[in-house]
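A.B. asks: Sharing a structure below in structure tokens format, with a few things to ask.
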Amino acid sequence: MIIDVHGHYTTAPKALEDWRNRQIAGIKDPSVMPKASDLKISDDELRDSIANNQLKQMKERGSDLTLFSPRASFMAHHIGDFEVSSTWAGICNELCWRVSKLFPDNFIGVAMLPQSPGVDPKTCIPEIEKCIKQYGFVGINLNPDPSGGHWNSPPLSDRSWYPIYEKMVELDIPAMIHVSTSCNPAFHTTGAHYLNADTTAFMQCLTSDLFKDFPKLRFLIPHGGGAAPYHWGRFRGLAQEMKKPLLKDHLLKNIYFDTCVYHQPGIDLLTKVIPVDNVLFASEMIGAVRGIDPETGFHYDDTKRYIEAAPMLSAEDRKKIFEGNARRVFPRLDAALKARGK
Ligand SMILES: [Zn+2]
66 MIIDVHGHYT
76 TAPKALEDWR
86 NRQIAGIKDP
96 SVMPKASDLK
106 ISDDELRDSI
116 ANNQLKQMKE
126 RGSDLTLFSP
136 RASFMAHHIG
146 DFEVSSTWAG
156 ICNELCWRVS
166 KLFPDNFIGV
176 AMLPQSPGVD
186 PKTCIPEIEK
196 CIKQYGFVGI
206 NLNPDPSGGH
216 WNSPPLSDRS
226 WYPIYEKMVE
236 LDIPAMIHVS
246 TSCNPAFHTT
256 GAHYLNADTT
266 AFMQCLTSDL
276 FKDFPKLRFL
286 IPHGGGAAPY
296 HWGRFRGLAQ
306 EMKKPLLKDH
316 LLKNIYFDTC
326 VYHQPGIDLL
336 TKVIPVDNVL
346 FASEMIGAVR
356 GIDPETGFHY
366 DDTKRYIEAA
376 PMLSAEDRKK
386 IFEGNARRVF
396 PRLDAALKAR
406 GK
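According to the working numbering, the sequence shown is numbered sequentially starting from 66.
See the structure below:
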């Protein structure tokens with residue numbers, strides 16, 4: 066079985082974006098603020114938006130199941146207040162849940178959180194509870210920078226985040242560390258802000274003792290871990306200077322990396338540097354990089370090919386990356402699959 070742990074609903078019907086634009090207009094002029102119930106999207110529209118896009122590509126490329134969360138760049142936690150984020154997260158998560166019910170063999174949900182800059186992260190807990198317990202979601206996306214590129218939240222090791230971690234441990238779910246759109250023109254959203262955030266989150270964990278407080282907490286750092294694998298020697302050296310344990314003991318019982326790296330040399334490096342038990346298959350399609358690589362003739366985000374061709378990996382390693390590690394890091398996914406005899 067091939068499990069893609071990183072997919073977003075980037076192809077949602079246009080009505081969703083229209084509703085969001087009305088909501089944003091409503092921040093300035095409350096008389097035009099739409100109600101959640103004003104958004105009408107039929108099951109047929111949802112089916113079309115998936116069957117002709119993500120599901121079509123999954124079938125073509127040979128993956129079976131995608132962990133599916135709302136479109137990351139649309140989370141835009143920096144817009145409006147907690148109420149705005151809360152309504153928006155509720156709508157987006159519900160759509161992913163409906164997709165998972167329409168295509169139960171192919172999609173299972175991961176929740177977006179109703180974060181808002183300067184608002185206590187514990188306000189996200191009711192949405193987490195709902196998504197995991199009622200919708201059967203198996204994880205969450207946690208934004209370390211709800212400001213959208215200004216980085217004025219405390220680091221992930223700060224105690225203000227702890228209520229979320231306590232809930233994650235209680236529910237036995239991991240978080241993908243995932244920022245949203247950049248509203249800072251210095252940082253391109255998917256080319257700079259995402260990768261910066263991956264690297265920054267990794268470093269925040271390295272400098273702290275977060276996993277001493279939460280030995281069972283699990284973070285999935287996407288986009289191949291940003292700069293972390295490429296600069297592994299720098300991070301090992303910095304940890305040594307700070308008298309931290311070896312990274313394998315300090316971080317690798319809690320931090321995992323996905324394979325959203327869009328060329329063969331990048332995957333070769335990732336799988337050479339990072340232990341295979343810490344690498345999970347993902348493509349993040351249909352996402353930031355949708356084109357065809359003229360050097361290979363295949364889509365950049367067809368990452369399954371790179372894992373199949375990576376010289377460091379045995380057949381057993383590939384099975385871990387494609388399936389085993391995802392079942393271990395997302396125990397609720399494993400339980401859901403086993404309940405279906407898979
Ligand atoms: Zn993503």
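Idealized CB from N, CA, C, for every residue including glycine.
At what residues does the alpha helix (DSSP H) containing F139 begin and finish?
C.D. replies: Here the question's residue 139 lines up with position 74 in the sequence shown. Run containing F139: A137 to M140, per the alpha helix (DSSP H) assignment.
A.B. asks: I believe S134 touches A176 by the beta-carbon criterion, under 8 Å. Please report the beta-carbon distance rounded to the nearest angstrom.
C.D. replies: Start at 1 with the first residue of the sequence shown, and residue 134 comes out as number 69. Start at 1 with the first residue of the sequence shown, and residue 176 comes out as number 111. 7 Å between Cβ atoms; contact.
A.B. asks: Please report the distance separating the alpha-carbon of M140 from that of A374.
C.D. replies: Indexing the sequence shown from 1 puts residue 140 at position 75. Indexing the sequence shown from 1 puts residue 374 at position 309. Those two C-alpha atoms are separated by around 34 Å.
A.B. asks: For the structure I just gave you, are there three or more beta carbon pairs, one from the segment 157 to 173 and one from the segment 223 to 232, closer than 8 Å?
C.D. replies: no
A.B. asks: Does at least one heavy atom of ligand 1 sit under 6 Å from the Cβ of A257?
C.D. replies: To locate residue 257, count along the sequence shown from 1; it is residue 192. Not under cutoff, so the answer is no.
A.B. asks: Report yes or no: do three or more beta-carbon pairs, one from the segment 192 to 212 and one from the segment 233 to 247, lie closer than 8 Å?
C.D. replies: Touching, per the Cβ criterion.
A.B. asks: Along the chain, where does the alpha helix (DSSP H) containing A80 start, and where does it finish?
C.D. replies: Position 15 of the sequence shown, counting from 1, holds the residue named residue 80. Counting along the chain, the alpha helix (DSSP H) containing A80 begins and ends at K79 to K93.
A.B. asks: Nearest to I72 by CA position, among I229, D323, D274 and M66, is which residue?
C.D. replies: Translated into positions along the sequence shown, residue 72 becomes position 7. The displayed chain sequence assigns Gly, not Ile, to residue 72. Of all alpha-carbon atoms in I229, D323, D274 and M66, the one lying nearest the alpha-carbon of G72 is that of D323.
A.B. asks: Measure the alpha-carbon distance for M98 versus L167 and round it to whole angstroms.
C.D. replies: Position 33 of the sequence shown, counted from the first residue, corresponds to residue 98. Position 102 of the sequence shown, counted from the first residue, corresponds to residue 167. Roughly 30 Å separates the two Cα atoms.
A.B. asks: For the segment 380 to 407, list the alpha helix (DSSP H) runs that are entirely contained and at least 4 residues long, ordered along the chain.
C.D. replies: 380 to 384, 390 to 394 and 396 to 404
A.B. asks: Roughly how many whole angstroms lie between the Cα atoms of N158 and E82?
C.D. replies: Taking the first residue of the sequence shown as position 1, residue 158 is located at position 93. Taking the first residue of the sequence shown as position 1, residue 82 is located at position 17. Their Cα atoms are separated by approximately 14 Å.
A.B. asks: Return the first residue and the last residue of the alpha helix (DSSP H) that H315 is part of.
C.D. replies: Within the sequence shown, numbered from 1, the residue matching residue 315 stands at position 250. Unbroken alpha helix (DSSP H) run through H315: L312 to H315.
A.B. asks: Could you please go through the chain and list the residues whose beta-carbon is closer than 7 Å to any non-hydrogen atom of ligand 1?
C.D. replies: Sorted by position in the chain, H71, H73, A137, H243, P287, E349 and G352 make up the residues whose C-beta lies under 7 Å from a heavy atom of ligand 1.
A.B. asks: How is the beta strand (DSSP E) around L111 delimited, first residue to last?
C.D. replies: Translated into the one-based positions of the sequence shown, residue 111 becomes position 46. Where L111 is concerned, there is no enclosing beta strand (DSSP E), although the alpha helix (DSSP H) it sits in stretches over D108 to A116.
A.B. asks: Within 10 Å of its beta-carbon, does Q305 have 16 or more other beta-carbons around it, so buried, or fewer, so exposed?
C.D. replies: Start at 1 with the first residue of the sequence shown, and residue 305 comes out as number 240. Q305 comes out exposed.
A.B. asks: In the DSSP assignment, find the unbroken beta strand (DSSP E) run with M268 in it and report its ends.
C.D. replies: Working through the sequence shown from its first residue, we reach residue 268 at position 203. Where M268 is concerned, there is no enclosing beta strand (DSSP E), although the alpha helix (DSSP H) it sits in stretches over Y259 to T272.
A.B. asks: DSSP three-state label for Y74, please.
C.D. replies: Here residue 74 is taken as the residue at index 9 of the sequence shown, counted from 1. Strand at Y74.
A.B. asks: Cα-Cα, which of V344, V341, Y327 and N86 is closest to G362?
C.D. replies: Taking the sequence shown and counting its residues from 1, one reaches residue 362 at position 297. Answer by Cα proximity: Y327.
A.B. asks: Starting from M98 and walking both ways along the alpha helix (DSSP H), at which residues does that stretch end?
C.D. replies: Translated into the one-based positions of the sequence shown, residue 98 becomes position 33. First-last for M98: undefined, no H or E at that position.
A.B. asks: Tell me which residues share the same chain as T152 and place their Cβ nearer than 6 Å to its Cβ, disregarding the 5 neighbours each side in the sequence.
C.D. replies: Here the question's residue 152 lines up with position 87 in the sequence shown. A101.
A.B. asks: Please return the same chain residues whose Cβ sits closer than 7 Å to the Cβ of A154, not counting the five positions on each side in sequence.
C.D. replies: Counting from one through the sequence shown, the residue named residue 154 turns up at place 89. Here the set comprises M177, L178, P179 and E192.
A.B. asks: Just to confirm the assignment, what range does the beta strand (DSSP E) spanning F276 have?
C.D. replies: One-based indexing of the sequence shown puts residue 276 at position 211. Judged by DSSP secondary structure, F276 falls outside any beta strand (DSSP E) and instead within the alpha helix (DSSP H) spanning L275 to D278.
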